[in-house]
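J.: Pasting in a structure now, in structure tokens, and then I'll have a few things to ask.
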Amino acid sequence: MKNVAVIGAGTMGNGIAHVFAQCGYKVSLIDISEKSLERGVATITKNLDRMVAKEKISADDKANTLNNITTFTSTEDGVKDVQLVVEAATENVDLKLKIFKNLSEVTADDVILATNTSSISITKIAAVTNRADKVIGMHFMNPVPVMKLVEIIRGYSTSDEVCNLIMETSKNLNKVPVEVNDYPGFVANRILMPMINEAIITLHEGVAGVEEIDTVMKLGMAHPMGPLQLADFIGLDVCLAIMEVLYEGFGNPKYAPCPLLVNMVTAGKLGVKSGEGFYSWTHGTKDLIVADNFKK
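Numbering (our numbering), first residue to last: 11 to 306.
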């Protein structure tokens, strides 16, 4: 496997393209927006510059990585001659089903189709393709160039051969793959998102403030950042979408999203991406400043 296509040039997509390209793969980075592609390549370049400054890679490594990436606004053009497609579009089930139905029509029958979904059923995605045995989940963690974990999610029909190949491919990216089965939220988000939701409920019920909740989890449980800060980084809209998948998938009220989370997403307070969530991010992401709505 030498040629890979990545669909989506956003935060996850450009990170995935970065990692594949740095490890010697030829990468087609595909997005319907030329501006998104430009931003994606600019982000990759900035991250590579940071690695050069820290002497983690050489200037030649940076140049080779960028040379391994070609951008496309046409999916059909971008997937020619690839052996693997990794979809990293917005976490929206209808969009993903549309993308995978199209991929099954414009790629060769032996091309493996992977999704970076953090919660949507691999089996459901595979069902709209002509090769359910070759559809698999590759759930990278953010930031992709830094985080080691990749959740490898087997759909109901995913073959052993495809699963083993994707496990090995992940190791070739210097990642640590963990195989899991296809149930709502998989492992990472089935555990993480209810914790984040419970932190929001704790805030909503007035048990403690934003800083206090995050401090307890950082100092008491050795988490690198508190759950409310993490929610802001993930995006509150993404957190809500995953909680809705869990709630719908299991039908258990313990997965019901907190009303405060629903209201914040409705109000457009999505965290870092919108400039405000539980914290204010208009000044940057280094200093933690509680959003005005949550100041005592």
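Every residue gets a Cβ at the ideal spot worked out from N, C-alpha and C, and that includes glycine.
#1: Does the structure place the segment 198-215 close enough to the segment 117-127 that three or more beta carbon pairs sit under 8 Å?
#2: Mind checking R141: buried by the 16 CB within 10 Å criterion, or exposed?
#3: Report the rounded CA-to-CA distance for E221 versus C268, giving the unit in angstroms.
#4: So A277 and Y289 are supposed to be a Cβ contact under 8 Å. How far apart are they, rounded?
#5: Any idea what DSSP makes of R386, helix, strand or coil?
#6: Considering only residues of the same chain and omitting the five flanking positions on each side of W291, which have a CB-CB separation below 6 Å?
#7: Please report the distance separating the alpha-carbon of N199 from that of E254.
#8: Just to confirm the assignment, what range does the alpha helix (DSSP H) spanning G259 have?
#9: Looking only at C-alpha atoms, which of A232, D192 and I40 sits nearest to L113?
#10: Quick one, which of N174, C173, K111 and N184 has its alpha-carbon nearest P155's?
#11: Does DSSP put E157 in a helix, a strand or coil?
#12: Taking contact to mean 3 or more Cβ pairs, one atom from each stretch, closer than 8 Å, check whether the segment 175-195 and the segment 243-250 are in contact.
#13: Run through the DSSP bridge pairs and tell me what A124 is partnered with.
#14: Let's test the definition: count the other Cβ atoms within 10 Å of the Cβ of I146 and tell me whether it reaches 16, buried, or not, exposed.
#15: Compare the Cα-Cα distances from F304 to each of A218, L240, N13 and T133 and report the closest residue.
#16: Please list, in chain order, all residues of the same chain as D119 whose beta carbon is under 8 Å from its beta carbon, the five residues on each side excluded.
#17: By how many angstroms is the C-alpha of E171 removed from the C-alpha of N24?
#18: From what residue to what residue does the alpha helix (DSSP H) around S180 run?
#19: Which residue's Cα is closest to the Cα of Y35: G230, M148, T179 and L270?
#20: For I135, name the three-state secondary structure that DSSP assigns.
#21: What does the Cβ neighbour count give for S84, buried or exposed, with the cut at 16 atoms within 10 Å?
#22: Between the alpha carbons of R60 and D192, how many angstroms are there, rounded?
#23: I'd like to know whether the C-beta atoms of V121 and V92 end up nearer to each other than 8 Å.
#24: If you compare alpha carbons, which of L213, Y166, L94 and F196 is closest to I176?
#25: Quick check: what's the CA-CA separation for I109 versus A137?
T.: The answer reads as follows:
#1: Taking 8 Å as the limit for Cβ pairs, the verdict is that the segment 198-215 does not touch the segment 117-127.
#2: Classification for R141: buried.
#3: Each residue's alpha carbon lies about 19 Å from the other.
#4: In this structure A277 does not touch Y289 by the C-beta definition: roughly 15 Å separates them, more than the 8 Å allowed.
#5: Outside the displayed span of the chain (11 to 306) sits residue 386, for which this structure offers no information.
#6: Non-local C-beta neighbours of W291 in its own chain, meaning closer than 6 Å and more than five positions away in sequence, comprise V282 and G285, ordered along the chain.
#7: Their Cα atoms are separated by approximately 12 Å.
#8: Note, G259: alpha helix (DSSP H), L246 to F260.
#9: Nearest option by C-alpha distance: I40.
#10: In terms of Cα proximity to P155, the closest of N174, C173, K111 and N184 is N184.
#11: In the sequence as displayed, the identity of residue 157 is Met instead of Glu. Secondary structure at M157: coil, using DSSP grouped into helix, strand and coil.
#12: Short answer: they don't touch.
#13: Looking at the DSSP assignment, A124 forms a beta bridge with V96 and I146.
#14: Burial of I146 is indicated by the presence of at least 16 other C-beta atoms within 10 angstroms of its C-beta.
#15: Considering only alpha carbons, the answer is A218.
#16: Within the same chain, D119 has close Cβ partners N140 and R141.
#17: Computed Cα separation, rounded: 27 Å.
#18: Looking at the DSSP string, the run of the alpha helix (DSSP H) that includes S180 is D170 to N182.
#19: The alpha carbon of Y35 has as its nearest neighbour, out of G230, M148, T179 and L270, the alpha carbon of T179.
#20: In this structure, DSSP gives I135 a helical state, which the three-state scheme calls helix.
#21: S84 counts as exposed, since fewer than 16 other C-beta atoms from the protein chains shown sit within 10 angstroms of its C-beta.
#22: Whole-angstrom Cα-Cα distance: 36 Å.
#23: Yes, they are a contact pair.
#24: Per the Cα distances, L94.
#25: When only Cα atoms are considered, I109 and A137 end up about 12 Å apart.
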